[in-house]
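>
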């Protein structure tokens, strides 16, 4: 669980760096559409960093549950936001198109795992 928090803190720092980079350095180099996509990647990454802090600080989840949710969300951030960043920087979308929806599926799986875990804990 401590590793999850370390990874989450690192992802949070990277999110702020990327957000600042996008707001300042990329305004002149990316098209408006590419910058908007980049900002979507940053926004989704930050949302899920906040969720990861909650998940790993929540005492109602076992370490197994925290790890499961975290792994899905880590993979989702890497695939979803990472693919958007890569496409924004010129990697052909045709070569990595599958990563964005795969990342979305990982994010949905993390949220679903959390929902199921809450449902199970409310029955006890």
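In the numbering used here, the protein residues as written are 571 to 694.
For glycine and all other residues, C-beta sits at the position ideal for the given N, C-alpha and C.
None of the values given here were measured: they were computed from a predicted structure.
Quick test of your reading: residue 666 and residue 653, contact by CB under 8 angstroms. State the CB separation rounded to the nearest angstrom.
With a Cβ gap of about 5 angstroms, residue 666 and residue 653 count as contacting.
> Where do the N-terminal and C-terminal ends of the alpha helix (DSSP H) with residue 596 fall, by residue?
From DSSP, residue 596 is part of no alpha helix (DSSP H); its letter is neither H nor E.
> Quick check on the burial criterion: 16 or more other C-beta atoms within 10 angstroms. Buried or exposed for residue 684?
By the neighbour-count rule (16 or more Cβ atoms within 10 Å), residue 684 is buried.
> What three-state label does DSSP hand residue 632 in the structure shown?
Of the three classes helix, strand and coil, the one that applies to residue 632 here is coil, per DSSP.
> Restricting to Cα atoms, I'd like to know which of 674, 594 and 631 is closest to residue 644.
Closest option to residue 644, Cα to Cα, is 674.
> If residue 642 sits next to residue 688, beta carbons under 8 angstroms apart, how far is it from one beta carbon to the other, in whole angstroms?
Actually they do not touch by this definition, with Cβ atoms about 15 angstroms apart.
> Kindly list the residues whose CB is nearer than 6 angstroms to the CB of residue 611, restricted to its own chain and excluding five residues on each side of it in sequence; keep chain order.
651, 654 and 655.
> Label residue 626 either buried or exposed according to how many other C-beta atoms from any shown protein chain fall within 10 Å of its C-beta, with 16 as the threshold for buried.
Result: buried.
> Do you know whose CA, among 591, 599, 584 and 623, lies nearest residue 575's CA?
Out of 591, 599, 584 and 623, 623 has the C-alpha closest to the C-alpha of residue 575.
> Report yes if the CB atom of residue 680 is closer than 8 angstroms to the CB atom of residue 630, and no otherwise.
No. Outside cutoff.
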